[in-house]
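Heads up: the structure comes next, in structure tokens.
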Amino acid sequence: MSDKKQQVSRRQFLNYSLTGVGGFMAASVLAPMIRFAVDPVLQASTDGDMQPVVDVSEITEEPQRFDWTFEQVDGWYTSNATHSAWVYKDENGDIVALSPTCKHLGCAVNWAGNPDYPDQFFCPCHDGRYYKNGLNVPNTPPSAALDLYEFEVREGTLYLGSPVENPVEKGGA
Ligand code: FES
594 MSDKKQQVSR
604 RQFLNYSLTG
614 VGGFMAASVL
624 APMIRFAVDP
634 VLQASTDGDM
644 QPVVDVSEIT
654 EEPQRFDWTF
664 EQVDGWYTSN
674 ATHSAWVYKD
684 ENGDIVALSP
694 TCKHLGCAVN
704 WAGNPDYPDQ
714 FFCPCHDGRY
724 YKNGLNVPNT
734 PPSAALDLYE
744 FEVREGTLYL
754 GSPVENPVEK
764 GGA
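Each residue of the sequence shown is one higher than the last, beginning at 594 in my numbering.
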């Protein structure tokens, strides 16, 4: 071991001091900016939340379109979003809630929108058609079934969540 004292030159002292002070000042300026940039991403999204849509007693075996509006937060931007679903009860009394968004190019489909096919969903943009369960009719433009909404029934009210892929299999009508 050496007893030699480590000497810090004036130049080194100034370098250390300026680096420390500069780093502290840069961190003071950048930290709020980083927080501002990242904060909305860290906020819990309301997108996946279930929204109340309709009293279950209003749901029939005939598909009806129901609209609902909710506050949507997208990053720093908050807006009111309106979504729609075609809702009916199948032959077993089970609720089916279909997205109205055509799987071809995204137009809105209508139940019995074409008088030639009164038991199907019809997309007016390119004559796309879907069976009642959402399955796309072969040889029409859509190549996939209409999405299904996740749902819950709470105290007699139907709540809808996000649309998910429809597991309906070919051949179902
Ligand atoms: S957008 Fe629906 S058929 Fe083309």
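All residues carry an ideal CB built from backbone N, CA and C; glycine is no exception.
Name the DSSP beta bridge partners of residue i, please?
{"i": "N729", "result": "Y723"}
{"i": "H676", "result": "W661"}
{"i": "N703", "result": "F715"}
{"i": "K682", "result": "I688"}
{"i": "Q644", "result": "L753"}
{"i": "F617", "result": "None; F617 has no bridge partner."}
{"i": "T694", "result": "A701"}
{"i": "T671", "result": "V666"}
{"i": "V746", "result": "L751"}
{"i": "L741", "result": "L691, V757"}
Beta carbon of residue i: closer than 7 Å to some heavy atom of the ligand FES?
{"i": "L698", "result": "yes"}
{"i": "G754", "result": "no"}
{"i": "P735", "result": "yes"}
{"i": "A616", "result": "Reading the sequence as shown, one finds Gly at residue 616 and not Ala. No, Cβ of G616 sits at least 7 Å from all heavy atoms of the ligand FES."}
{"i": "G668", "result": "no"}
With a cut-off of 8 Å on the beta carbons, I'd call residue i and residue j a contact; round off their distance for me.
{"i": "P735", "j": "K696", "result": "5 Å"}
{"i": "F663", "j": "Q644", "result": "5 Å"}
{"i": "Y752", "j": "V614", "result": "The pair is not a contact, with the Cβ atoms about 56 Å apart (cut-off 8 Å)."}
{"i": "N726", "j": "V689", "result": "7 Å"}
Check whether the Cβ of residue i lies closer than 7 Å to any heavy atom of the ligand MN, and answer yes or no.
{"i": "G721", "result": "Annotation note on the ligand MN: not contained in the displayed structure, which lists the ligand FES as its ligands."}
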